[in-house]
Every structure is written in C-alpha cells, then in structure tokens.
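Q: My questions will all concern the structure given below.
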C-alpha cells in the first residue's frame, strides 16, 4: 500500500457561516490548489472549486508520493450554508424553538404566525408540517442562496 501524505485544511472562517466567509474560504482554497499546480479553469467561477470542496478532499501526485488535502471543514461549512439558505422552514428567520420540560424535547414552530403554545397542543406545528420542505410565501431565509453569493 503506497504512502499518502494528508494535510488538513483549517481556516477559522469555516466555523462562521456567512456569505463573506464562504467566498473567502473558496477563494483561499482556489489559490492554494492553483499554487500546488491544480488545473482549474480561469473563468472566474467557483464551480470547479465547489466541486472539489464537495468531494471533501483533493488528491495529487508530487515527487512520486500521493498527497491529499482534507477539505472536510470547508465541506461542512458549505453543507451548513446550504441548509440555512435553502427553501423550507428550517432555513427561515421566523423558525422558533421551545423546549418542553415536561416531555424533554424541543418543539419548533413559526414565530411569525404561531406561538409556542401551538407546538405543545398536539406536539407539531401545522405550518411547519405543511411548509417544512418548500417554505411558505412569507419565508425569510437566514442567508442568500449559494449560487447568488458565488456570482456576485
């Protein structure tokens, strides 16, 4: 079995999910990959870098050795960004949570149209049940869509 030298990409910006940090981290990774000779197109698009980050690692040969850059922290950042910028109730600023001591669980509800009480009556918010996946017309996403952030 050949030896693989693994480097881990660490950047404190991966812990704080924001449009600015996503762009900065992808730009930094792009510069590092180009610096080691990666063949990325120079069309000003983050799409190739996004593909590499989504895979979680980048492997290349250098001096007869296989080297790998572990990009899992950047991948987790992008996954979290997608969750918080997507459609559906769990990416909406109106989503609220309330902990029920009696049952020992957290109940979610729409803070714009419901109160915590609705979560306790029957255990589930009717609005979240209906709009959980696609969101409603009043949805206010926590973050702009990733595609929008990467094209600005």
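Numbering (the working numbering), first residue to last: 110 to 261.
By construction, the Cβ of each residue, glycine as well, lies at the ideal position given by its N, Cα and C atoms.
It should be emphasised that the depicted structure is a prediction, and the values quoted were computed from it without experimental measurement.
Are three or more beta carbon pairs between the segment 230-247 and the segment 155-175 nearer than 8 Å?
A: no
Q: Inspect the CB distances between the segment 208-217 and the segment 189-196 and report whether three or more fall short of 8 Å.
A: Segments in contact, no.
Q: In the DSSP assignment, find the unbroken beta strand (DSSP E) run with residue 206 in it and report its ends.
A: Residues 204-209.
Q: Roughly how many angstroms separate the alpha carbons of residue 59 and residue 200, rounded to a whole number?
A: Because the chain here runs from 110 to 261, residue 59 falls outside it and cannot be looked at.
Q: Inspect the CB distances between the segment 117-130 and the segment 244-261 and report whether three or more fall short of 8 Å.
A: yes
Q: Helix, strand or coil for residue 148? Go by DSSP, reduced to three states.
A: Assignment of residue 148 by DSSP, reduced to helix, strand and coil, places it in the coil class.
Q: Report yes if the C-beta distance between residue 113 and residue 139 is below 8 Å; otherwise report no.
A: no
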